[in-house]
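Undergrad:
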Amino acid sequence: MGFLLAIAARNLVRNTVRTVLTGAAVLFGVAILILGWGLVDGIDENMLRSARTTYAGDIILRPDGYPDDGMRYPLADAKPLSDELRARLDAVGPWTARTAVPARLVLGAEAQRVTIWGYDESSDLKIFDRKGWMIDGEFPVSGRLEVALGSSLARLLEARLGDSVVLEARTRDGAINALGYVVSAIVKSDNSSMDALGVWMPLSRLDELAVLHGVATHIAVLAPKDPAAAALTLTGLGFVPLTLAEECEDLIALNRIRRKSLGVIVGMILLIAGAGIANTVIMAAFERIREIGTLLALGMSRRDVSLLFLFEGGIMGLGAGLVGATLGSGAVLYFQVHGIDLSSELEDVGANMSIASMIYTHFSWPPVFTALGFGVTIAVLASVWPARLASSTVPADAVRAD
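Residue numbering for the sequence shown follows the numbering used here, beginning at -2 and increasing consecutively.
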């Protein structure tokens, strides 16, 4: 067996250029599969992180009938928290209530539709520590007429710290109210949608503008032990609880389609690579007809001749696959640390994309072994027919061949 492997390896270096070009397709396919899988897994984590650190926590509760599309925030559908709901929330873990209010922000001659996020100063930081946020300035406090603007919104309006803005909103009772504020902070959170349309202020200040009557539109809860079980204890009290996984299920399902599409594309690349390997092994067989005949005449079995060509394809696939796996894994590990900044790409669609602008890939071993095994398998299978063709050579005819 070792003798056959040595001959197979020697034969591959006879025509180095052809071997490298043939193996390049396997290398490329394996690297793309590993990198693509790491990116898709990273997008899954990105969406979960974005929701958890900006508005959802481990469990998100919305009023019955309240839209969950992330685009509409009707104040008329907001509800107050009952004493029983508060008691159950306290039993589950730390929680905070927020109220989202549609509004219009006016800065000089510019105006923009926005969503105001009113937060409870006493509990919001217990759920959302804002460690991953980039905050230029100081977050608003209830003692001052201040607001924080999302980074993309501030860029759109060319707003700066210290600028005076006017917010117009419809109150809970249906009246239109307008108040002036000072921009105290510009915020880049883990959620590009909030950065594009979000304005932040304490609930006490938002109550002055929208006359909330104690209602809330979102309740975020931390329940890391068993969010699903905890969510069941919060049902039937005027709010619909969803775990973080349930909240992001639609986006994760879309990512599953991306993962399958990636597999199809890479499969096509590797099939093309298999055709190239088959062609290379066939050419090698025809170029070495006299050599094959001599080996058969000297007593080498047809099985060994067949194995010789299978080894050539396998070594080619393994070598190219290892290089591709190394490059793909290296890229995934690099972007797992440094991330991929999508700020500019999300600039135009950020209002519709509830994800962080910085995506980090996720490295795991299963995609590496899967991609490598797939690449080697394709290479070996592509060599089966050329190997059988070579082993069927008649020694007497082969040694007489030109």
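For glycine and all other residues, C-beta sits at the position ideal for the given N, C-alpha and C.
From a predicted model like this one, the values you see are computed outputs, not experimental measurements.
Inspect the CB distances between the segment 145 to 163 and the segment 231 to 243 and report whether three or more fall short of 8 Å.
TA: The segment 145 to 163 is not in contact with the segment 231 to 243.
Undergrad: Less than 8 Å between the beta carbons of R95 and Y116, yes or no?
TA: Cβ atoms of R95 and Y116: closer than 8 Å.
Undergrad: Nearest to D65 by CA position, among V27, G273, E246, I274, is which residue?
TA: When only C-alpha atoms are compared, the closest one is E246.
Undergrad: Once the 5 residues before and after S354 are set aside, which same chain residues still bring their CB inside 7 Å of it?
TA: Answer for S354: S189, D338, L339, S340, L343, listed in chain order.
Undergrad: Mapping the DSSP letters down to three states, classify N12 as helix, strand or coil.
TA: Looking at N12 - three-state DSSP - the assignment turns out to be coil, as it is neither helix nor strand.
Undergrad: So, helix, strand or coil for E205, using DSSP?
TA: Helix.
Undergrad: Whole angstroms are fine: how far does the CA of P238 sit from the CA of A48?
TA: When rounded, the distance between both Cα atoms is 14 Å.
Undergrad: Take N174 and list the residues in its own chain whose beta-carbon comes closer than 8 Å to its own, dropping the five residues that flank it on each side.
TA: Answer for N174: E165, A166, R167, T168, L206, A207, V208, listed in chain order.
Undergrad: Counting only the same chain and skipping the five closest in sequence on each side, list residues whose C-beta sits under 6 Å from that of G273.
TA: For G273, where only same-chain residues beyond five positions count, the Cβ hits under 6 Å are T19, A22.
Undergrad: So which of D170, G171, E155, V180 has the shortest CA-CA distance to V163?
TA: Comparing Cα positions, the closest option is V180.
Undergrad: Alpha carbon to alpha carbon, how far is W130 from L142?
TA: When rounded, the distance between both Cα atoms is 22 Å.
Undergrad: Take the Cβ of K185 as the centre, count every other Cβ of all protein chains shown within 10 Å, and call the residue buried at 16 or more, exposed below.
TA: Buried: at least 16 other Cβ atoms inside 10 Å.
Undergrad: Could you have a look at G347 and say whether DSSP puts it in helix, strand or coil?
TA: Residue confidence for G347 is low, a pLDDT of 49 falling below 50, so the modelled location carries little weight and cannot support an answer.
Undergrad: Are T240 and I56 close, meaning C-beta to C-beta below 8 Å?
TA: In this structure, I56 lies closer than 8 Å to T240 by Cβ.
Undergrad: Write down every uninterrupted run of the alpha helix (DSSP H) in the segment 45 to 98 whose length is 4 residues or greater and which is fully enclosed by it, in chain order.
TA: As far as the segment 45 to 98 is concerned, its whole alpha helix (DSSP H) runs of at least 4 residues are 80 to 89.
Undergrad: With a 10 Å radius around its C-beta and 16 neighbouring C-beta atoms as the bar for buried, classify L229 as buried or exposed.
TA: By the neighbour-count rule (16 or more Cβ atoms within 10 Å), L229 is not buried but exposed.
Undergrad: Rounded to whole angstroms, what's the CA-CA distance from A275 to I249? Just pull it up for me.
TA: Cα to Cα, the separation comes out at about 39 Å.
Undergrad: Out of I352, E309, A379, which one is the CA nearest neighbour of V10?
TA: Cα-wise, what sits closest to V10 is E309.
Undergrad: Would you kindly work out how many angstroms separate the C-alpha atoms of W382 and G372, rounded to a whole number?
TA: About 17 Å.
Undergrad: What whole-angstrom Cβ distance do Y70 and A97 have, given they're in contact under 8 Å?
TA: The Cβ separation is near 4 Å, so the contact holds.
Undergrad: Taking the alpha-carbon of A281 as reference, which of L1, F0, A5 has the nearest alpha-carbon?
TA: It is A5.
Undergrad: Would you mind working out which of D41, L30, A3 sits nearest A328, comparing C-alpha positions?
TA: Considering only alpha carbons, the answer is L30.
Undergrad: Helix, strand or coil: which one does DSSP assign to P221?
TA: Note: P221 maps to coil in three-state DSSP.
Undergrad: Considering only C-alpha positions, which residue in the set T291, I279, W197 is nearest to G134?
TA: Among T291, I279, W197, the Cα nearest to that of G134 is on W197.
Undergrad: Would you tell me roughly how many angstroms separate the C-alpha atoms of D61 and D223, rounded to the nearest one?
TA: Taking the straight line joining both Cα atoms gives about 23 Å.
Undergrad: Pop quiz: I266 and G26 are said to be a contact at Cβ under 8 Å. What is the actual Cβ separation, rounded to whole angstroms?
TA: Right, their Cβ atoms sit about 4 Å apart.
Undergrad: Use the C-beta contact count for D192: other C-beta atoms within 10 angstroms, 16 or more gives buried, fewer gives exposed.
TA: When all chains shown are included, D192 counts as buried.
Undergrad: Whole angstroms are fine: how far does the CA of G39 sit from the CA of N12?
TA: Roughly 40 Å separates the two Cα atoms.
Undergrad: If we ignore side chains and look at the alpha-carbon of each, how far apart do L45 and G54 end up?
TA: Using only the alpha carbons, I get a separation of about 10 Å.
Undergrad: Straight-line CA distance for L24 to V89?
TA: Straight-line Cα distance between these residues: approximately 51 Å.
Undergrad: Checking 8 Å against the spacing of the C-beta atoms, do L104 and A145 come in under that value?
TA: Contact: no.
Undergrad: Since W114 is in the beta strand (DSSP E), which residue starts that stretch and which ends it?
TA: Segment 107 to 116, the beta strand (DSSP E) holding W114.
Undergrad: What residue ranges within the segment 319 to 344 form continuous alpha helix (DSSP H) runs of no fewer than 4 residues, ordered along the chain?
TA: Complete alpha helix (DSSP H) runs here, min 4: 340 to 343.
Undergrad: Just tell me which of A368, V302, S361, G321 has its CA closest to the CA of R385.
TA: If we check each option's Cα against that of R385, V302 comes out closest.
Undergrad: Measuring straight from C-alpha to C-alpha, what distance separates L369 and L305?
TA: For L369 and L305, the distance between alpha carbons rounds to 21 Å.
Undergrad: Quick check: the Cα distance between G347 and L36, rounded to an integer number of angstroms?
TA: With a pLDDT of only 49 at G347, under 50, the local geometry of the prediction cannot be trusted, and the value read off the model is given with reservation. Computed Cα separation, rounded: 19 Å.
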